[in-house]
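Numbering (the numbering used here), first residue to last: 387 to 1007.
Only one structure is covered here, and it is reproduced in the block below.
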Amino acid sequence: MFANGKRTVGVFISQLNDEFQDNLCKGITSRAKELDYNVAFLTNFGGYGQLEFDLGEREIARLPYYQDFDGIILAPDTFTIDKLNNNIKRFIEKYSHCPIVSVRRKMEGYHNVLIEDDNILEEVITHLIEDHDFTRLNFLAGPKDSIASEKRLLTYQRVLAKHNIPVEEDRIYYGDFWKRAGYDAVRHWLNGSLERPQAIVCANDYMAITVCNALEENGISVPEDMVVTGCDDVEDASRFVPSLTTVTIPVYEIGVEAVNLVHRKQEDNSIPEDSYIKTTTQYRESCGCRRDWYKESSEQRKHCIALFDSMKREIARNARMTTALTGLTKLEEVINNLKAYIMDKTELKNFLLCLRADWDTNHFFGSNEMVMEFGINNRTEYRKINFSRRDLIPKEFAEEQPMIYYFAMLHHLDKNFGYIAISYEKLQTYMITFQNWLINIGNALENIRIHRELNRLIYTLEDMSYKDDLTDLYNRRAIETLGQKYLKQCMQKQVGFMVLTIDMDNLKYINDTFGHAQGDVALRAIGMAISAAAEDDEICIRYGGDEFMAIGMDYDAQKLDTFLKRFKEELDLFNHSGENKYKVQVSYGWNMLIPDSQTTLEDCLILSDQRMYRQKSERKG
């Protein structure tokens, strides 16, 4: 894998545009480089509740060869697509032979890097009770099926009980770890029968931020009128006004420790299966304890402004990209447009558009054959490199230093086309709007696929309209199209143009004596003899009921003799097979010439027919 002889860690992680994932990947990348490991990030975006799209994202589980990894790191609590985690586990159990490390969620049978989160909110809640003398504390939990949320809720209940504060169920509201829940919870509590809380403890920062906004909209100031706390210490927690009191989860350190655990297991499998990372509490403005926080966060706010400006540029760039890729019907057009945007994205070191060899006809991974249709390596462009999916990237892209690549599926709904592989000059993960890139490219490829499929169908229909059902030769419609095409080409190249007409002599006798079914057998025999005689690109035609024709390019007398010899031999084989009580007999004539501008197809046919009828008359005489 990666063809540079170094050990490789595979990392399965979803939703890289989120902050937790970003910091986790940075920790993994930094430590992997120090230990001389390659890293393959196998990524996907979260589910959208649309089954077909989720099936396309889920194909990431089938991309790598698990047996080639020297270690695998899983971030299972980032997966939101149904069955993705189970699919990855199934492939791991079947194919992998390396240390498996799960981060943040304990998975039995694997090694785990966990947060000491059994009491993660204890210090914050104790602070609100003992230092602020609060007794009315509400709790905004995450989903009921979330282990992390359950642990934080239990801590809330235990600390309240420890201080002899009744746990009132109406002060607990279940959210979703996302921003909408904050508004719903505030509306519920303000319209409830219980006395207004002094503080709202939130199971994560995103919900805490929206709680603050919702309170402000209702004329309740934070922290003057009500205290709000969060958990996780996302970037927005320190930038928000008021800055959030929260618990810092050292995500970067989790990534570092995950790689350390993989490495240690390579050297000594006797070490403990699990590692634990400690959290720390950050006291800021939202609980009223750090009125001077704005002084310390000024640099962060400058960063926020810079990030906002960067996002505006990316959104504008993506809008242009969407427009540029809309309606394209050729892969080369897509590649040319991609090139302009990638070259503009200077932090990208490598960009590889890797498609399955059969991407436009087959919707799923079948063969191992991949084609890098387009690639950028250190600002140098590459085209059309065939490679094995097992290598993930072409051997031409191998480097001596540790290689860090991010892989994401290219698909349109559940139709899989291949994948994108990218790497960066600096330590970072996805660009913020990279998901839009993938969707745009996937949509463009689907448009090309549909266009190609329509062309194939049109060709098939046209071909069917030119075919004779009985003999599978061309019918008379092909004379005007294909025959004229051949005549024109022979005229341009100044080579011999040949027309051969064949007429069956005894069809009426066979039909009357042996039945029309045997007449069809005889006609098919002539058709097969003509097809067998055709060696190059001759057009073989059933012109009418018992009339046949062959049209050829670049003919001379010797080539014509060869054709006629093979035709007669094939017909003799049928006549001497002993399977029929009749013999198939034909008369034929030909015309062969180097055409000029005055030559017409009709003239060629007339002369050939004249010779054929002359032969037929002579045989009757």
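Glycine included, C-beta positions come from ideal geometry on N, C-alpha and C.
Quick caveat, the model's predicted, so the values are computed rather than measured.
* **Status (buried if at least 16 other CB within 10 Å, exposed otherwise) for Pro658** => Translated into positions along the sequence shown, residue 658 becomes position 272. Under this definition Pro658 is an exposed residue.
* To do: Classify Thr512 as helix, strand or coil using the three-state DSSP reduction.
  => In the sequence shown, the residue the question calls residue 512 occupies position 126. Three-state result, Thr512: helix.
* Determine the extent of the beta strand (DSSP E) in which Gly913 is found, giving its start and end residues. => Taking the first residue of the sequence shown as position 1, residue 913 is located at position 527. Gly913 -> not in any beta strand (DSSP E); alpha helix (DSSP H) instead, spanning His902 to Ala919.
* To do: Can you tell me which of the three DSSP states Leu428 falls into?
  => In the sequence shown, residue 428 corresponds to position 42, counting from 1. Here Leu428 sits in strand by DSSP.
* Asked: Can you pull the DSSP bridge partners for Met756?
  -> In the sequence shown, the residue the question calls residue 756 occupies position 370. Arg742 and Phe773.
* Around the Cβ of Gly761, are there at least 16 other Cβ atoms within 10 angstroms (buried) or fewer (exposed)? -> Here residue 761 refers to the residue found at position 375 of the sequence shown. So Gly761 counts as buried.
* To do: Determine, using beta carbons only, whether Tyr559 and His574 come nearer to each other than 9 Å.
  => Along the sequence shown, one-based indexing puts residue 559 at 173. Along the sequence shown, one-based indexing puts residue 574 at 188. Yes; because the gap between Cβ atoms is below 9 Å, this pair is in contact.
* Asked: Helix or strand or just coil, what does DSSP make of Gln996?
  -> Mapped onto the sequence shown, residue 996 falls at position 610. Three-state result, Gln996: helix.
* To do: Following the continuous alpha helix (DSSP H) through Asn646, name the residue where it begins and the one where it ends.
  => Position 260 of the sequence shown, counted from the first residue, corresponds to residue 646. Here the alpha helix (DSSP H) through Asn646 covers Val637 to Glu653.
* Below 9 Å between beta carbons: does that hold for Leu799 and Leu831? -> For the purposes of this step, residue 799 is identified with residue 413 of the sequence shown, where counting begins at 1. For the purposes of this step, residue 831 is identified with residue 445 of the sequence shown, where counting begins at 1. No, the pair does not count as a contact, with Cβ atoms beyond the cut-off.
* To do: My understanding is that Ile808 touches Phe737, with C-beta atoms under 8 Å, so please give their C-beta distance in whole angstroms.
  => On the sequence shown, position 422 is the one that residue 808 refers to. On the sequence shown, position 351 is the one that residue 737 refers to. About 5 Å; that satisfies the 8 Å criterion.
* How long is the line joining the alpha carbons of Leu824 and Tyr805, rounded to whole angstroms? -> What you label residue 824 is simply residue 438 of the sequence shown in a count that begins at 1. What you label residue 805 is simply residue 419 of the sequence shown in a count that begins at 1. Using only the alpha carbons, I get a separation of about 9 Å.
* Of the choices Asp932, Gln436, Ile506 and Val885, whose alpha-carbon is the least far from that of Arg373? -> Since the first residue of the chain shown is 387 and the last is 1007, residue 373 is not available in this structure.
* **From Lys969, Glu965, Glu955 and Met978, residue whose alpha carbon lies closest to that of Gln944** => What you label residue 944 is simply residue 558 of the sequence shown in a count that begins at 1. That would be Met978, whose Cα lies nearest to the Cα of Gln944.
* Check each candidate in Leu959, Lys412 and Glu988 and name the one with the smallest Cα separation from Ala918. => The residue labelled residue 918 in the question sits at position 532 within the sequence shown. Measuring from the Cα of Ala918, the nearest candidate turns out to be Leu959.
* Between the Cα of Ser579 and those of Val597, Val587, Arg557 and Phe431, spot the shortest distance and give me the residue it belongs to. => By one-based count along the sequence shown, residue 579 stands at place 193. Considering only alpha carbons, the answer is Arg557.
* **Contact check, Arg928 vs Leu859, beta carbons under 9 Å** => Taking the first residue of the sequence shown as 1, we reach residue 928 at position 542. Taking the first residue of the sequence shown as 1, we reach residue 859 at position 473. For Arg928 and Leu859, yes; Cβs fall inside 9 Å.
* Asked: Cα separation between Trp679 and Glu610?
  -> Counting from 1 along the sequence shown, the entry for residue 679 is found at position 293. Counting from 1 along the sequence shown, the entry for residue 610 is found at position 224. Reliability of the predicted coordinates at Trp679 is poor, the pLDDT of 49 falling under 50, and the value obtained from them is presented with this limitation in mind. About 16 Å.
* To do: Kindly list the residues whose CB is nearer than 7 Å to the CB of Glu811, restricted to its own chain and excluding five residues on each side of it in sequence; keep chain order.
  => As a position in the sequence shown, residue 811 is number 425, starting the count at 1. Excluding residues within five positions, the ones whose Cβ falls inside 7 Å are Glu733 and Lys735.
* Using 8 Å as the Cβ pair cut-off and three pairs as the minimum, do the stretch 889-909 and the stretch 937-954 touch? -> Result no; under three Cβ-Cβ pairs closer than 8 Å.
* Asked: Would DSSP call Val545 helix, strand or coil?
  -> Here the question's residue 545 lines up with position 159 in the sequence shown. Val545: helix per DSSP, three-state reduction.
* **Contact set for Gly913: own chain, Cβ-Cβ below 6 Å, skip 5 residues either direction** => As a working mapping, residue 913 is identified with position 527 in the sequence shown. Excluding residues within five positions, the ones whose Cβ falls inside 6 Å are Thr857 and Leu859.
* Hey, quick one: how far does the beta strand (DSSP E) through Glu370 stretch, first residue to last? -> In this structure the chain extends from 387 to 1007, so residue 370 is not present and cannot be described.
* Cβ shell of Ile446 (< 6 Å), same chain only, five flanking positions each side left out -> The residue labelled residue 446 in the question sits at position 60 within the sequence shown. Taken in chain order, the residues that qualify are Leu428, Asn430 and Met795.
* On the three-state DSSP scale, how would you describe His962? -> The residue labelled residue 962 in the question sits at position 576 within the sequence shown. Three-state DSSP puts His962 in coil, outside helix and strand.
* To do: Give the DSSP bridge partners of Asn802, in chain order.
  => By one-based count along the sequence shown, residue 802 stands at place 416. Its beta-bridge partners are His797.
* Quick one: residues in its chain with C-beta nearer than 6 Å to the C-beta of Cys675, no 5 flanking neighbours on either side, listed in chain order? => For the purposes of this step, residue 675 is identified with residue 289 of the sequence shown, where counting begins at 1. The residues are Tyr669.
* So is Asp570 in contact with chain D if we call contact Cβ pairs under 9 Å? -> This model lacks chain D altogether, as it is built from one protein chain only.
* To do: Give the single residue among Tyr423, Gly605 and Glu405 whose Cα lies nearest to the Cα of Ile790.
  => Locating residue 790 in the sequence shown gives position 404, where the first residue counts as 1. When each option's Cα is compared against that of Ile790, the closest is Tyr423.
* So, is Tyr895 buried or exposed, given that buried needs 16 or more other C-beta atoms within 10 angstroms? -> On the sequence shown, position 509 is the one that residue 895 refers to. Tyr895 is exposed by the Cβ-count criterion.
* Asked: Which parts of the stretch 551-583 are runs of the alpha helix (DSSP H), unbroken and 4 residues or longer, counting only runs that do not cross its ends?
  -> If we require 4 residues or more, the alpha helix (DSSP H) runs fully inside the stretch 551-583 come out as 566-576.
* Going along the chain, which residues of its own chain have a beta-carbon closer than 6 Å to the beta-carbon of Leu1057, five neighbours each way excluded? -> Outside the modelled stretch of the chain, which goes from 387 to 1007, sits residue 1057, for which no answer is possible.
* Would the stretch 512-519 and the stretch 464-479 be scored as touching if the rule is three or more Cβ pairs under 8 Å? -> no
* In terms of alpha-carbon separation, which member of Glu581, Lys698, Glu621 and Ser994 lies closest to Ile376? -> Since the first residue shown for the chain is 387 and the last is 1007, residue 376 is missing from the structure and cannot be characterised.
* Asked: Does DSSP put Ile844 in a helix, a strand or coil?
  -> Here residue 844 refers to the residue found at position 458 when the sequence shown is read from its first residue. Note: Ile844 maps to helix in three-state DSSP.
* If we ignore side chains and look at the alpha-carbon of each, how far apart do Gln652 and Val757 end up? -> Residue mapping note: residue 652 aligns to position 266 of the sequence shown, counting from 1. Residue mapping note: residue 757 aligns to position 371 of the sequence shown, counting from 1. Looking at the two C-alpha atoms, the distance is approximately 34 Å.
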